[in-house]
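If you read the protein sequences in the order shown, they are chains A and B.
The end of the first sequence is residue 246 by my numbering, with every number in the run present.
The end of the second sequence is residue 246 by my numbering, with every number in the run present.
2 protein chains.
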Amino acid sequence: MQSRHKGAILVLSGPSGAGKSTIINAASSEIGEYYFSISTTTRAPRVGEQNGVDYFFVTKESFEEDIKAGNFLEYAEVHGNYYGTSLKPVREALNEGKLVIFDIDVQGHRLVRAKMNDITTSAFITPPTLKELEQRLRARRTDDESVIVNRIENAKNEINALGEYDFTIINDTVEVSAREFVIVAKAARLKQSKEEEEKFIQTWLG
Amino acid sequence: MQSRHKGAILVLSGPSGAGKSTIINAASSEIGEYYFSISTTTRAPRVGEQNGVDYFFVTKESFEEDIKAGNFLEYAEVHGNYYGTSLKPVREALNEGKLVIFDIDVQGHRLVRAKMNDITTSAFITPPTLKELEQRLRARRTDDESVIVNRIENAKNEINALGEYDFTIINDTVEVSAREFVIVAKAARLKQSKEEEEKFIQTWLG
């Protein structure tokens, strides 16, 4: 989709197992060019995880230097590991007019809103019920019981932040969710920054 | 478009001559069932205006009774005449799951936001420039010079409220504007009320 607008941000949150990646993949041919933001972390890569694909894996020292230099759009420390989003690739993608998609948690969403509210749209993606989430996580057979329990606890907390999001996508069937996601992504692209708006008003008045 | 959601509100504002009706007509086959809210006024009908189509024309007494009874979603007094939106037909349309479209001014938008923010999406529709607006108004040859001057003055004031709207549609060509309008209207339908959200969270937790 072509747009006269500059880039915009689409934040996706929701429990692991909600089907975010599946929905994005199902919708990707219809949402135009986008940049999927890759987080930076100090935690060790898990089996199968690739640097620059799943995360940018860095040392604690390097991460802390970047914090001091103000290089993160948002970051948090979870269980002794840092997770964050570097500003630079986001800025570049925005300047190229791309839609920047984030898969971050409730806290990350708040931080992005605080910094770039005017160009940010957000959606909370969730399975229809907690029970369904639990079933999906177990059916994947990829996680230890302790990881599953932890994810469910997180989900129970995060669901209460639903109201902070522009949209809720209840992922019952991928077809319906992908269709809703396309609408949300296209709407996200129509957002203008305050700066663009002010420039437009000046030009408009002539 | 089918939706599991209850009704939602789409507020359109922007200068007379921006092309709001043209855009809605061009987009109407793609935005699903909607109810176009008809305002109530105490001003006299102009030549060609029909009661129940352009406005509901009522007496000042009747309007003031409805104000006292809390029957208006929003109302204002302009140059000695009242203009307002009755709550009843809006409530009915919302209960039927329809998208309710309002064509109201900046002040009306603020009042709707104040009362029904959670289910409200808004777009400011404007010609690309003030000069273009002036040309369009003159080309219509339907208004007196004093009316045109008044509309231009209003437009100059209202453009500054652009930032209060979720979206800006710069109506350069009807095709592009209608396409953007379809996105905005479909996104508007995805909005959930706080009540629906809370109910969902309760059901979700099980």
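Glycine included, each C-beta is placed from N, C-alpha and C at the ideal position.
Enumerate in chain order the residues of its own chain whose CB-to-CB distance from residue 81 of chain B is below 7 Å, with the five nearest sequence positions on each side excluded. 95, 97, 121, 122 and 123
With 7 Å as the threshold, decide whether the Cβ of residue 138 of chain B is near any Cβ in chain A. no
Does the beta carbon of residue 96 of chain A come closer than 7 Å to any beta carbon on chain B? no
With 7 Å as the threshold, decide whether the Cβ of residue 241 of chain A is near any Cβ in chain B. yes
Verify the CB distance criterion: does residue 169 of chain B have a CB-CB separation below 7 Å to chain A? yes
Just the Cα atoms here: how many angstroms apart are residue 239 of chain A and residue 195 of chain B? 17 Å
If you draw a straight line from the C-alpha of residue 109 of chain A to the C-alpha of residue 46 of chain B, how long is it? 47 Å
Which of helix, strand or coil does DSSP assign to residue 198 of chain A? helix
Within the continuous beta strand (DSSP E) that includes residue 53 of chain B, where are the two ends? 48-53
Tell me the start and end of each unbroken beta strand (DSSP E) in the stretch 89-170 of chain A that is at least 3 residues and wholly inside, in chain order. 112-118, 121-126, 139-143 and 160-166
8 Å Cβ shell around residue 134 of chain B - same chain, five flanking residues per side excluded: 46, 47, 48, 49, 140 and 159
Could you pull the DSSP bridge partners for residue 209 of chain A from this structure? A:165
Counting contacts by CB-CB distance shorter than 7 Å, is residue 226 of chain B in contact with chain A? yes
Hey, quick one: how far does the alpha helix (DSSP H) through residue 245 of chain A stretch, first residue to last? 234-245
Residue environment, residue 211 of chain A, which counts as buried when at least 16 other CB atoms sit within 10 Å: buried
Buried/exposed call for residue 148 of chain A, threshold 16 Cβ in 10 Å: buried
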